[in-house]
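If you're matching positions, the sequence shown starts at 7 in the numbering used here and goes up one per residue.
Have a look at the structure below before the remarks.
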Amino acid sequence: MRGFDGLARFVRFCEKKFYARFRWLLRKKQAKGYGVHSPFAFDLLANVIYSPYSFYAFSDIPKLLLQNGLDPYLIGRFNHLSFRLIHHLRPTNIVEINSGIGINSLFLTAPSSDIRCRCVEQDEEKVSVAKHLQREIGRKCGVVSSLSACDGERYDAIFLNLDGKQIPDMHTLTEWSHDATFWVLHPIKKGVAKQFWNEIVHDVRVRVTFDLKDTGIVFLRPDLDKANYLV
C-alpha cells in the first residue's frame, strides 16, 4: 500500500506539472493572438492589453505623486491598463471599489473630462489623500463609504480591488451592470480572490473573460460567445 500511495502522489505531481505547463503554453499563444478568432478579443489584446503606446497621463500622474511626497513607484502596470481600458472602451459612468488613496482613480478619470467616477472607500485618511490629489490635478470623484450607496444605479465599468474590505457578490455586480458593462478585478491570484474569479469565469451571465495572471477583465455582452482567454 505504501508503494501504491507513493505512485499516486507521483501521478498527481505529474498531472499538476503538465497542467501548469499547458496553461503557460496556452497563455503565451493567446497573448500573441494565436487561436483567438473573436475580432472583439483580438482588438482588445492588440490595442489595449499589449498596446505599445504611451500617454501623457503616464508621466503626469507620477509627477503629481512626487510633488505630494508620494512614491511614483506606487504606480504599476495595472494602473496603465486601467487607463488604456477607459481610453479604448470609453465608459462615462465608473465605480471603483476599495479605491484607497485614489491613484488608480486618477488613471480612470484621465482619458476624458466627461467621466464620472464614484469611489468606495472606508478609510478616512486614504479618502483625504485621494481628494487632495484630485484637487491638485483638477478632477473630482464622488466618494462613498459603503457599497449600498452605489445601489440603484447601473455603471459602464466596475473596478474592484480585491485586497480591500468591501467585496460585492455576483448578484450585486450584475445589479450594477447593463449589457455593455465591463468589470476589472485585481488581484486575482490567491485565496478568496482566486475563488471569486473562478466563480465569475464560470457564471452563465458572463460572456468573455481575460485572465492576465493577477488581473481579470470581464464582459457581459450577450452577443459575444463565451470564452476565457489566458494572456
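Positions of the beta carbon are idealized from the N, C-alpha and C atoms, including for glycine.
In this text the structure is predicted, and so the values were computed from the model without any measurement.
Between His-138 and the set Leu-71, Ser-60, Pro-228, Asp-120, the nearest pair of CA atoms involves Leu-71. With contacts defined as CB atoms closer than 8 angstroms, Leu-236 and Asp-217 qualify as a contacting pair. Residue range 130-143 is occupied by the alpha helix (DSSP H) that includes Glu-130, with no beta strand (DSSP E) assigned at that position. Between the region 60-75 and the region 179-199 there are fewer than three inter-stretch CB-CB distances shorter than 8 angstroms, so the stretches are not counted as touching. By the CB criterion at 8 angstroms, Asp-175 and Asn-104 fall outside the cutoff.
Sorting Val-54, Asp-209, Ala-136, Ile-121 by C-alpha distance to the C-alpha of Phe-84 places Val-54 at the top. For Ser-65, no beta strand (DSSP E) run applies; the uninterrupted alpha helix (DSSP H) run containing it begins and ends at 63-73, by DSSP.
Taking the CA atoms as reference points, Leu-80 sits about 23 angstroms from Ala-163. C-alpha of Tyr-59 to C-alpha of Asn-99: approximately 25 angstroms in a straight line.
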